[in-house]
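Novice: So for the sequence shown, our numbering puts the first residue at 99; every next one is plus one.
The structure that follows is given in the form of C-alpha cells.
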Amino acid sequence: LIADATTGTVDFVAAISDSAANLLNGDAISDDLAQATATGGAGDAGVDITVASGTVSLTQLAAIHAATSGKITSDISASAADLAGGLDTTSGDAITATVTGTSATAAHLNTINGKTSVAVIATGVETITGSASDVVTLITAHKADPSEINIDGDYNVTVSGDVSVDQANTIVLDTTGTADFTGKITDTAANLLNGAGTALNAKLTAATSAVNGEGDGAVNVTVASGTVTAAQAHLIADATTGTVDFVAAIS
Numbered sequence: 099l100i101a102d103a104t105t106g107t108v109d110f111v112a113a114i115s116d117s118a119a120n121l122l123n124g125d126a127i128s129d130d131l132a133q134a135t136a137t138g139g140a141g142d143a144g145v146d147i148t149v150a151s152g153t154v155s156l157t158q159l160a161a162i163h164a165a166t167s168g169k170i171t172s173d174i175s176a177s178a179a180d181l182a183g184g185l186d187t188t189s190g191d192a193i194t195a196t197v198t199g200t201s202a203t204a205a206h207l208n209t210i211n212g213k214t215s216v217a218v219i220a221t222g223v224e225t226i227t228g229s230a231s232d233v234v235t236l237i238t239a240h241k242a243d244p245s246e247i248n249i250d251g252d253y254n255v256t257v258s259g260d261v262s263v264d265q266a267n268t269i270v271l272d273t274t275g276t277a278d279f280t281g282k283i284t285d286t287a288a289n290l291l292n293g294a295g296t297a298l299n300a301k302l303t304a305a306t307s308a309v310n311g312e313g314d315g316a317v318n319v320t321v322a323s324g325t326v327t328a329a330q331a332h333l334i335a336d337a338t339t340g341t342v343d344f345v346a347a348i349s
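Laid out in C-alpha cells, this is it:
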C-alpha cells in the first residue's frame, strides 16, 4: 500500500515485520513484499525483513533473502547438512538456526555459524564427527562469550586424522561424553611428557584416560620427534593400549 502510494522512492527506516504467511506466496515472496522491495519502482531493496511468526523452509528463506540486501531475521529448523548447504544468509543476518537430528559434522556446524549473528542451537546433537581442526573450531565457538554454538555438555565425538596433544586435550575436556580418535595423537616427545620428562604431560593423560568414559584409552600415539629414554618410552606406551611409534630413537 505504501509503495503503491507514490512513484517516488520509499525508504523503510525500520524493518518490514510480518508473518511468514504474509511475506510469502508458496516458495516465492508475496506480491506485497515484492512491491515493497522492488528495485525498479518505489520499493526499498535494502530494507530489513523480519519473519515475525510462522515457519519458513530454506527455499522460502532464500527467496526473502534475495528480495533485499538488508538484514534478515528469522527462525529456521533443519538438519546440519541441509542448513550448511542451503542457508545463503551471512553473519550479518539474525537467523536462529535449530539443528534437527542427533548427529552432525563439526564442519557443518561451523558453516552454519558463519551464516548468522545468532547462536546456533544444536543441543539435540548427541554425536559430532570431524577433523581435529574442525572440532576445535567448533569448541572455540561453543566456549565463546557469548556462545556462538549451543551444544550439549555430554556429546560423543569421533575425531578423524592426526591430533596434537593440545587438540586432544581440548576436545576431551569439552564434553563428558566419549572421545574417540580414529587417527593418532602425534606430537613431540617434549609435548607428550612433562617439563622434567619424568611423567606424562597431564594433557596426554586426560586424552587417554578412560575415567568417566572421556578419553580414548586405545588411541594410537606417535612420538614424532625427540629422543626418549627407555623409561620415558615405557611411560608413553603405558598411556594407551593402542600402538606407539617412535620416529626418533630410544636412547
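Note that the Cβ used here is the ideal one computed from N, Cα and C, for glycine as well.
(1) Count the other C-beta atoms from every protein chain shown that fall within 10 angstroms of the C-beta of A220, then say buried if there are 16 or more, exposed otherwise.
(2) Among D260, D343, T273, D191, which residue has its Cα nearest to the Cα of V223?
(3) Within its chain, find whatever has a CB closer than 6 angstroms to the CB of D278; leave out the 5 residues flanking it on each side and keep chain order.
(4) Have a look at T339 and T306 and give me their C-alpha separation to the nearest angstrom.
(5) So, is T341 buried or exposed, given that buried needs 16 or more other C-beta atoms within 10 angstroms?
(6) Given G152, which residues of its chain have a CB within under 8 angstroms of its CB, disregarding the five upstream and five downstream residues?
(7) Within the segment 131-216, note down every full beta strand (DSSP E) run reaching 3 residues or more, in order along the chain.
(8) For A103, count neighbouring Cβ atoms within 10 angstroms of its own Cβ and tell me buried if that reaches 16, exposed if not.
(9) Using the Cβ count rule (16 or more neighbours within 10 Å means buried), how would you classify I348?
(10) Give the straight-line distance between the Cα atoms of I249 and S172, rounded to the nearest whole angstrom.
(11) Can T214 and A195 be called in contact, C-beta distance under 9 angstroms?
(12) Is there contact here, the segment 259-269 with the segment 232-242, by at least three beta-carbon pairs under 8 angstroms?
(13) Cβ of H332 within 8 angstroms of any heavy atom in the ligand GDP?
(14) Using alpha carbons as the reference points, say which of L185, A150, A165 lies closest to A126.
(15) For A179, which residues from the same chain have a beta carbon less than 7 angstroms from its beta carbon, with the 5 sequence-adjacent residues on both sides left out?
(16) Should D285 go down as buried or exposed, given a rule of 16 or more other Cβ atoms within 10 Å for buried?
(17) So, for D146: in the same chain, excluding its five sequence neighbours on each side, which residues have a beta-carbon less than 6 angstroms away from its beta-carbon?
(18) Do you know whose CA, among L131, A136, D142, lies nearest Q158's CA?
(19) Pull up the distance between the alpha-carbon of L333 and that of V216, whole angstroms please.
(20) CB-CB under 7 angstroms to D264, same chain, minus the five flanking residues each way: which ones, in chain order?
(21) Which parts of the segment 219-266 are runs of the beta strand (DSSP E), unbroken and 3 residues or longer, counting only runs that do not cross its ends?
Specialist: A quick look at the data gives this:
(1) A220 should be labelled buried.
(2) Measuring from the Cα of V223, the nearest candidate turns out to be T273.
(3) If the five residues before and after D278 are omitted, its C-beta is found closer than 6 angstroms to the C-beta atoms of T256, D314, all from its own chain and listed in chain order.
(4) Using only the alpha carbons, I get a separation of about 9 angstroms.
(5) With fewer than 16 other Cβ atoms within 10 Å, it is exposed.
(6) Taken in chain order, the residues that qualify are S117, A118, A119.
(7) Segments of the beta strand (DSSP E) lying fully in the segment 131-216: 147-151, 170-177, 192-198, 201-203.
(8) In this prediction, A103 scores a pLDDT of 41, lower than 50, which makes its location untrustworthy; no coordinate-derived value is stated.
(9) Taking every protein chain shown into account, the CB of I348 has fewer than 16 other CB atoms within 10 angstroms, so this residue is exposed.
(10) Going by C-alpha positions, I249 is about 20 angstroms away from S172.
(11) Between T214 and A195, the gap from beta carbon to beta carbon is short of 9 angstroms.
(12) In short, these stretches touch, since the Cβ pair count reaches three.
(13) Looking at this structure, you won't find the ligand GDP or any other ligand, since it has none at all.
(14) A126 has its Cα closest to that of A165, out of L185, A150, A165.
(15) Excluding sequence positions up to five before and after A179, its CB lies within less than 7 angstroms of the CB of H206, all in the same chain and listed in chain order.
(16) Classified as buried, D285 has 16 or more neighbouring CB atoms from the shown chains inside 10 Å of its CB.
(17) These residues qualify, in order along the chain: A113, G168, K169.
(18) Each of L131, A136, D142 was checked against the Cα of Q158, and the nearest Cα belongs to L131.
(19) Straight across, the Cα-Cα distance linking L333 with V216 is about 46 angstroms.
(20) The beta carbon of D264 sits closer than 7 angstroms to those of K301, all from its chain and outside the five residues before and after it, given in chain order.
(21) 225-229, 247-249, 254-258, all fully within the segment 219-266.
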